[in-house]
Amino acid sequence: MLVVGGGNSGLEEALFLTKFASQVDIVEYQFQVNASQILQDKVAEIPNMQVTDNHAVREIRGENHIEAMIVEDLMTGKLQEWNYDGVFVFIGMMPNNDLVQDQVDVNWNGFIITDKTLMTSRPGLFVAGDVRAGSTKQAASAAGEGATAALIMREYLTEVG
Numbered sequence: 653m654l655v656v657g658g659g660n661s662g663l664e665e666a667l668f669l670t671k672f673a674s675q676v677d678i679v680e681y682q683f684q685v686n687a688s689q690i691l692q693d694k695v696a697e698i699p700n701m702q703v704t705d706n707h708a709v710r711e712i713r714g715e716n717h718i719e720a721m722i723v724e725d726l727m728t729g730k731l732q733e734w735n736y737d738g739v740f741v742f743i744g745m746m747p748n749n750d751l752v753q754d755q756v757d758v759n760w761n762g763f764i765i766t767d768k769t770l771m772t773s774r775p776g777l778f779v780a781g782d783v784r785a786g787s788t789k790q791a792a793s794a795a796g797e798g799a800t801a802a803l804i805m806r807e808y809l810t811e812v813g
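Take 653 as the starting number for the sequence shown in the numbering used here and just add one per residue.
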């Protein structure tokens, strides 16, 4: 099996798939995976998993089943044919930042940039959860960040009067 995507979702899915497949590989188009270090460490411990970064799937060939995938090495531009029985795609996440997209700093993906107090570039505006750049994209973490932001906002409002 091949998992396309080196974020938390991709690595989590790849780890899950090891229960059903003898080999599970991950391909990431960036020069390194951007999943949490904990997930990267778990993947590194499993002998039947391989991570290939700086590669992009350009084409999936086949009529009724996958016959081959054309993958580009982004360093050399060389195209390679890879063969897998299945492909799972976990790439990209569109942050729901419409409410503030033109009012705060965002990263190249549109995730909202905050400081260590979860405050955005607009003083008094705090962000928590999946829309925040650097968040773990996990429900439990988002809930914790929300509680933290509420406490920090209370302190902020006390200070600014």
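C-beta: ideal position from N, C-alpha, C; glycine also.
Beta-bridge partners assigned by DSSP to Met-721: Ile-712 and Trp-734. Between the segment 662-677 and the segment 689-705 there are three or more C-beta pairs closer than 8 Å, enough to call the two in contact. Annotation for Ile-678: the continuous beta strand (DSSP E) segment containing it runs 676-680.
Rounded to whole angstroms, the gap between the alpha carbons of Leu-726 and Tyr-681 is 8 Å. For the beta strand (DSSP E) assignment, the segment 747-811 encloses no uninterrupted run of at least 3 residues.
In its chain, beyond the 5 residues on either side, Met-721 and Val-723 have a beta carbon closer than 6 Å to the beta carbon of Trp-734. When the Cα atoms are used, Val-695 and Ser-793 turn out to be separated by approximately 21 Å.
Distance from the CA of Asp-782 to the CA of Gly-813, rounded to the nearest whole angstrom, comes to 30 Å.
Val-756 and Leu-777 do touch by the CB rule: their CB atoms are close to 6 Å apart, below 8 Å. For Leu-654, the uninterrupted beta strand (DSSP E) run begins and ends at 654-656, by DSSP. In terms of CA proximity to Ala-801, Thr-772 leads the group Gln-790, Thr-772 and Lys-789.
Excluding the 5 residues flanking it on each side, Asp-677 has same chain C-beta neighbours closer than 6 Å at Leu-654 and Gln-702, in chain order.
Residue nearest to Val-709 within the set Val-739, Ala-687 and Ser-688 is Val-739 (criterion: CA-CA distance).
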